[in-house]
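Residue numbers (UniProt numbering): 1 to 690.
For glycine and all other residues, C-beta sits at the position ideal for the given N, C-alpha and C.
Predicted model, so just to flag it, every value in this text is computed and none were measured.
The structure appears below as structure tokens.
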């Protein structure tokens, strides 16, 4: 049944976090907790697996942070690599190695990759116009440029990607670009770079990705198909930067490798370092073997903002090289929101992992449980502190902890913690319990192998629920007098069930599973999924201990106040809320724009999108269809009858297969929220806005 049995080895990666800031719960939910659960599951299945990660220490994000903190890029990466690594270790993410892309072994391998493609003439070298900041006398990397996204109108899109709509961009695609260094409009200046011809690889990519339909998550497959439908263009693999890996060509002095030519290769260089440290052969985990059946299974765990890089760009690099395996799956997650708003590093609207570990000591599994319960597997989800409290108190404490505690207390009360029976080995005597456990294991494995962690965790909790039901039905505290044999038998069945609960929980709640195993006085080692669960006659249990504590109201109120204080502190002064004025246009250009008042007649979400609504608008001239990126802020049913201002003579454009005939005007504040721009009186549809 399991697809995992096809592979002898597994290479698991989580996205390399930028070493320019701490980790927050959105990072955990996107790339690290899902991978960690899957890796622990593979190990319990006795699979040969290496789990790889490390700090991404190059690229513009690092230099931008260094400028903000008035320090050097090296100081930034040293500071945050240490903090991130320690947070992962304390939280319990089970990496085999957490490496650094600043290491010599990584620099060497990245340059080897570049030269391999260069010597095969895979690159297209050409001069192009690149933005240049005249005040700072330097070329601008993608992230040093912001401007208006041509796709959705976001005025804070970066030069490589719009984080609102997810569109991949080139800096020259931006409308009204601004240098983040000087705050001024940059100029175009000619420079030479080496491009990866993604257009050349498109036919191969289409065939490769089409073969993944049904096995890849729908959100990942859909985004890939959208990219391919738009048509791929060559992408520069070098940059004019002063921080990063040198391009290994004499004619490229002063140029660095593009971070996406460098960062994913970090998975391989980290594996090489792990292999050196552990006397392993790294090539078995990355390179194609003579017998294809001997290839490792490569899986990338990432957030949705990295889909294009792991499904389009990095596979193209590996394909062009020719010696490396390609990912079998890229189970990307969507975004996690926080208390009704997007997680934001810049606005400090986040639950930072290192702060959680300090303020909730010993409660790693509580956070693992809550995040797993709400993982944004195919759509965005939301973390709230009230929900955290409810899940811990009503599920971990009241269901899982309660079952284990009741059984352990009764065993010590009635039998002094000693298991005694008429047989040498004590296992299940209740056939229905035995059968249900087999079903729960099947449910857990089936869902984990489909990357449905929420459902898999539900099956783990169902084991605890079944235990509570069984205990309530058998009532051994009553039966102990009238039928002591049945009371003992019931409690022994519950102990075996607790052993299975610990086994099933290991991948999800490793600390809790270890505590249960300790109370059961079983060997302090992982319990494989196919391992028989029983106790020897005369086995002694250790004293009971509470697995979880209730989360009190004052703890939650403190966290909510902390977020509110951060929000207030991060609010920019009014004087800097306003975006700089755009370049002047003449009157004739403005007069050519025909803006009218209108009314929304119908509204519906555009299928397979998060941000788009399909609107029917009465413009007074006609009724027309407009596709608008406002779905994050308005529910369709709430805007029927809404007055709008609409640009009616905008050239029609096809968006997601729908012809959009116009654009409605929206105001956007400094937090990115949108509001309709309308007259303050009820003007008739078709009234001209001058």
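Range of the contiguous beta strand (DSSP E) that encloses residue i
i	result
residue 666	666-668
residue 152	Here residue 152 belongs to no beta strand (DSSP E), and DSSP marks it neither H nor E.
residue 194	187-196
residue 542	Neither: residue 542 is in no beta strand (DSSP E) and is coded neither H nor E.
residue 643	643-647
residue 99	97-100
Nearest-angstrom Cα separation, counted from residue j out to residue i
i	j	result
residue 209	residue 215	10 Å
residue 645	residue 638	17 Å
residue 42	residue 167	35 Å
residue 493	residue 485	12 Å
residue 106	residue 249	17 Å
residue 476	residue 413	12 Å
residue 272	residue 99	10 Å
residue 433	residue 497	8 Å
residue 640	residue 405	54 Å
residue 429	residue 489	8 Å
residue 163	residue 678	27 Å
residue 240	residue 223	30 Å
residue 395	residue 259	43 Å
residue 697	residue 267	Here the chain covers residues 1 to 690 and nothing more, so residue 697 does not appear.
residue 368	residue 92	10 Å
residue 333	residue 301	8 Å
residue 312	residue 680	48 Å
residue 591	residue 649	11 Å
residue 443	residue 456	7 Å
Reduced DSSP category for residue i - H, G, I as helix; E, B as strand; rest coil
i	result
residue 298	strand
residue 575	Annotation note: pLDDT 47 at residue 575 (below 50); position unreliable, coordinate value reported separately. Here residue 575 sits in helix by DSSP.
residue 398	helix
residue 352	strand
residue 551	coil
residue 624	strand
residue 411	helix
residue 289	coil
residue 701	Coverage of the chain is limited to positions 1 through 690, which leaves residue 701 absent and any answer about it impossible.
residue 658	strand
residue 162	coil
residue 28	helix
residue 585	coil
residue 512	helix
residue 389	helix
residue 482	helix
residue 518	helix
residue 259	helix
residue 595	strand
residue 11	strand
residue 604	strand
residue 1	With a pLDDT of 42 at residue 1, under the threshold of 50, the modelled position of that residue is not reliable, and the figure given next carries that caveat. Looking at residue 1 - three-state DSSP - the assignment turns out to be coil, as it is neither helix nor strand.
C-beta contact flag for residue i and residue j at 8 Å
i	j	result
residue 143	residue 158	yes
residue 463	residue 500	yes
residue 626	residue 615	yes
residue 471	residue 407	yes
residue 326	residue 38	no
residue 512	residue 547	yes
residue 182	residue 135	yes
residue 235	residue 284	no
residue 227	residue 351	no
residue 97	residue 19	no
residue 129	residue 189	yes
residue 666	residue 674	yes
Any chain B beta carbon closer than 8 Å to residue i
i	result
residue 481	Among the protein chains of the structure shown there is no chain B, as only one such chain exists.
Residue range of the unbroken alpha helix (DSSP H) whose run includes residue i
i	result
residue 456	453-474
residue 112	104-119
residue 80	73-91
residue 39	33-44
residue 242	Taken as a continuous stretch (DSSP letters only), residue 242 belongs to no alpha helix (DSSP H), as it is neither H nor E.
Assigned exposure category for residue i - 16 Cβ within 10 Å defines buried
i	result
residue 207	exposed
residue 587	exposed
residue 30	buried
residue 270	buried
residue 186	buried
residue 3	exposed
residue 519	buried
residue 303	buried
residue 154	buried
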